[in-house]
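Contents: one structure, followed by commentary.
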Amino acid sequence: MVLRGVKVEVSPGIHIIPSARWSRIYLIVGETLTLVDSGLPWHPGGIINYIRSIGRRPDELKHILVTHSHPDHVGGTLSLVKKTGAAVVTHRSDTRRDHDNRLHLGYTGYFPVPIPLIGRTGVSHLIEDGDILPLHGGIRVIHTPGHTRGSVCFLLEESKVLFSGDTIFSDGGRISRSVPFPGYDRDSYVRSLKRLSEFEFEGVFGGHGSPMLEGGSYILSRLLESHPEPPTWGDFFGSIPKRLKRSFPMTGEYNFNPRRK
Ligand SMILES: [Zn+2]
Ligand SMILES: [Zn+2]
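So in the working numbering, spot 78 of the sequence shown is number 78, and the numbers just go up one at a time.
Below you can see the structure in the form of C-alpha cells.
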C-alpha cells in the first residue's frame, strides 16, 4: 500500500495517519472522530494536520482507543488529549493507579515499572472484554492478553474490521504473530489467539505493517492450525535475510498466507 498523498482512506471511513511510519495509527471517521492508538511521542502534530486535511476539526476527536500501553502505541496520547480533549479508553490491566489516585497509561501489567516516553497520561474510560462501545455502529472489545496483560483488539461490528494492535500483524495478504517482548506471557498469548480466531472478521488493521482487507479470521485460523507454536526470537532472526530480500516488515514472524504457498 502506498502511503504518499494527502488522504489515506484504506477502507470506507478508516484512515491511516500517513506521517506515522513505524507504528500504525488509525482514524475512524464518522459523526465524531476516533483514533486507534496514538503512535510515538512526536506523532501528534501529524495527526492534527491529517484531521484538518480531511476537512475536520481536532476537537471532533472524542476518543482515543488504546490497543496496549507500549510507548510506540500510546506515546502521543498525552499531547493529543491536551490538544483535543479526547477521552482515553483502555483496559485496566495496562494501567496503574498513581500517587494522585488516578489510573495512568504506560504500564503493561506483567512489567510493573513505568515505561518511558509516555508522560503522566490519565485514563478516562476502562473497558472489559465483551463491551460494545457505542461508536461507529458498535465497536466490540476483545481482551487478548499475552503481548501485554491489557492488550485488546477492537472489532468494528458493521464492517468486520479488526484493529489488532500488536496481537497480530498483517502485511496485506499475510498474517503474523508477535515475538516475545519483555512482559510477554506465552500461554496467555496462545489462548488469546485461539479465541480471537473464533470471531468473524475480514480486515486486520495491525499496530505495524499494512492492513489486510479480507479473509482475516480465515487466514488466522489456518495459521494457528498449521503453525500452532508462536514464533521465537530464533525464528525472527533466522528470517531476516528473507525479509530483506522481499521487503517484509521487521515485526512478528515471517508472514503467512495459506493461499500463497
Ligand atoms: Zn507492543
Ligand atoms: Zn508495537
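Here a beta-carbon is modelled for each residue, glycine too, at the ideal position from N, C-alpha and C.
Within the present structure, is the beta-carbon of residue i separated from the nearest heavy atom of ligand 2 by less than 6 Å?
i, result
"His70", "yes"
"Ser176", "no"
"Ser192", "no"
"Ser226", "no"
"Ser23", "yes"
"Gly207", "yes"
Can you have a look at residue i and say buried or exposed, based on whether 16 or more other CB atoms are within 10 angstroms of its CB?
i, result
"His227", "exposed"
"Gly206", "buried"
"Gly146", "buried"
"Ile37", "Checking the displayed sequence, the identity of residue 37 turns out to be Asp instead of Ile. Its Cβ being crowded by 16 or more others within 10 Å, Asp37 is buried."
"His43", "buried"
"Pro125", "Looking at the sequence provided, one finds His at residue 125 rather than Pro. Its Cβ having fewer than 16 others within 10 Å, His125 is exposed."
"Pro211", "buried"
"Ile240", "exposed"
"Gly215", "buried"
"Asp187", "exposed"
"Phe237", "exposed"
"Arg97", "exposed"
"Ile118", "buried"
Kindly list the residues whose CB is nearer than 7 Å to the CB of residue i, restricted to its own chain and excluding five residues on each side of it in sequence; keep chain order.
i, result
"Leu224", "Leu193, Lys194 and Ser197"
"Arg102", "Gly122"
"Ser114", "Sequence inspection shows Pro at residue 114; the Ser mentioned does not correspond to that position. Around Pro114: Gly106 and Tyr107."
"Thr144", "Ser151, Val152, Cys153, Thr167, Ser192 and Leu196"
"Gly85", "Asp59"
Take residue i and list the residues in its own chain whose beta-carbon comes closer than 6 Å to its own, dropping the five residues that flank it on each side.
i, result
"Leu220", "Ile175 and Ser197"
"Leu213", "Gly203"
Taking 6 Å as the cut-off, does the CB of residue i come closer than this to any heavy atom belonging to ligand 1?
i, result
"Asp185", "no"
"Asp131", "no"
"Asp94", "no"
"Asp166", "yes"
For residue i, write down the residues that DSSP places opposite it in a beta bridge.
i, result
"Gly209", "Ser170"
"Thr90", "Leu126"
"His143", "Val152"
"Glu9", "His15"
"Arg96", "His104"
"Ile132", "Arg140"
"Ser176", "Phe169"
"Val66", "According to DSSP, which records beta bridges pairwise, Val66 is partnered with nothing at all."
"Val204", "Leu162 and Met212"
Which complete alpha helix (DSSP H) runs does the segment 26-54 hold, if anything under 4 residues is left out? Here the runs fully enclosed are 44-53.
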